[in-house]
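Undergrad: Here's a structure for you.
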Amino acid sequence: MAGMKVDLQNRVLVVTGASAGIGKATALEAARRGMHVVLAARREDKLNAVAEQIRRLDRQALVVPTDVAKNEDVAALVEKTVEQFGRLDVMCANAGYGFRESVAELDEQMHREIFETNYFGTVRCVQHAMPVMKKQGSGQMMVVSSIVGRIGLPMYAAYSATKSAQAVLAMALRVELQRFGIEITCVYPIGTRTEFFEVSAKLNGQDTIRQNTPNMFMQTPEHVARKMVDAMRKPRPEVWPGRFMGIASAIGLMLPRMTQHSLRRHVEDEQRRGFSGT
Ligand SMILES: NC(=O)c1ccc[n+]([C@@H]2O[C@H](COP(=O)([O-])OP(=O)(O)OC[C@H]3O[C@@H](n4cnc5c(N)ncnc54)[C@H](OP(=O)(O)O)[C@@H]3O)[C@@H](O)[C@H]2O)c1
279 MAGMKVDLQN RVLVVTGASA GIGKATALEA ARRGMHVVLA ARREDKLNAV
329 AEQIRRLDRQ ALVVPTDVAK NEDVAALVEK TVEQFGRLDV MCANAGYGFR
379 ESVAELDEQM HREIFETNYF GTVRCVQHAM PVMKKQGSGQ MMVVSSIVGR
429 IGLPMYAAYS ATKSAQAVLA MALRVELQRF GIEITCVYPI GTRTEFFEVS
479 AKLNGQDTIR QNTPNMFMQT PEHVARKMVD AMRKPRPEVW PGRFMGIASA
529 IGLMLPRMTQ HSLRRHVEDE QRRGFSGT
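Shown next as structure tokens:
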């Protein structure tokens, strides 16, 4: 399937985190391109509003209130998808959040909880969707990581670690699932204008990603969604919605001192502006 174009008409997409931001934009973009969409997140009212928009596009939408931190919810999500559509073509593990905290101050419970949602939530999506796709002999797992899964962001180490864990999970899975005709795609967005920053600020009082990211490095969720659905149409291992960001992050990894220096300046600048830091 890799490199070959897939006809998206009537294919079935499950998106977690479909009540807002990148997940919502992806659900709508996929419906515009002919897919039926299963919408999962915790806020049912928001999911219903997205479902209405999808039905107006003459596509089917199924709302399944889901907390990806709960295994039984993700199991039910896949069960209901198969019950309604008889198949599952793309599982998009997108639900996630972040918060600002130095490692020194990191609360263990918050650390465990973010892994439950961002990382284990992804693992659950993959594990429950896998038997369905194996039976079909086709399918795609799309994992929404982040550029900070490649270059750890100071003061957001816990969040970065979850995104990195998702990325290496995707890399390992790619080989494990290839022989079953299942594609794995990992998405690495840069700053994207969504509720992410408000959620983060609510959790820990402050969020600095938005303030520190120049506008030229901020994207719309619709842009990210288009790139994601392009990769459903033509499956590929990685999606970098920010131009040249894949190359920039690879250079950053090859030059750790330079990267460390620029990240240090970033934290010092935050401290000058009154944010806490190490
Ligand atoms: N925004 C950025 O700058 C950026 C950059 C790189 C990567 N990303 C990644 O993109 C993904 C989507 O984020 P976003 O920017 O679109 O943020 P967002 O607007 O805050 O959306 C997050 C979505 O995740 C859902 N969610 C959170 N916890 C959940 C849980 N336990 N179970 C089910 N759903 C849950 C939320 O829905 P409910 O609250 O209704 O459950 C919401 O639909 C995340 O994985 C994030 O790490 C974002």
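One gets our numbering by counting positions in the sequence shown from 1 and adding 278 to each.
Quick reminder that beta carbons are idealized off the backbone N, C-alpha and C, glycines included.
Quantities reported herein were computed from a predicted structural model and do not represent experimental measurements.
#1: In the DSSP assignment, the beta strand (DSSP E) including residue 418 goes from what residue to what residue?
#2: Could you check what DSSP says for residue 461 in three-state terms: helix, strand or coil?
#3: Quick check on this structure: which residue in 287, 323, 328 has the alpha carbon closest to the alpha carbon of residue 304?
#4: Kindly indicate the opening and closing residues of the alpha helix (DSSP H) around residue 534.
#5: Does the count of Cβ pairs from the segment 374-383 and the segment 391-402 closer than 8 Å reach three?
#6: Just checking residue 395 against ligand 1 - is the residue's beta carbon closer than 6 Å to any of the ligand's heavy atoms?
#7: What residues match up with residue 292 in a beta bridge as DSSP calls it?
#8: From which residue to which residue does the beta strand (DSSP E) around residue 339 run?
#9: To the nearest angstrom, how far is it from the Cα of residue 461 to the Cα of residue 489?
#10: So which of 475, 469, 547, 535 has the shortest CA-CA distance to residue 523?
#11: Taking residue 370 as the reference, give the member of 463, 512, 483, 542 with the closest Cα.
#12: Express the C-alpha separation of residue 442 and residue 483 in angstroms, rounding to a whole number.
TA: Taking the definition as stated:
#1: Following the DSSP letters along the chain, one finds residue 418 inside the beta strand (DSSP E) bounded by residues 417-422.
#2: strand
#3: 328
#4: 534-550
#5: Result yes; three or more Cβ-Cβ pairs closer than 8 Å.
#6: yes
#7: Paired residue(s): 316, 369.
#8: Annotation for residue 339: the continuous beta strand (DSSP E) segment containing it runs 339-343.
#9: 36 Å
#10: Considering only alpha carbons, the answer is 469.
#11: 463
#12: 24 Å
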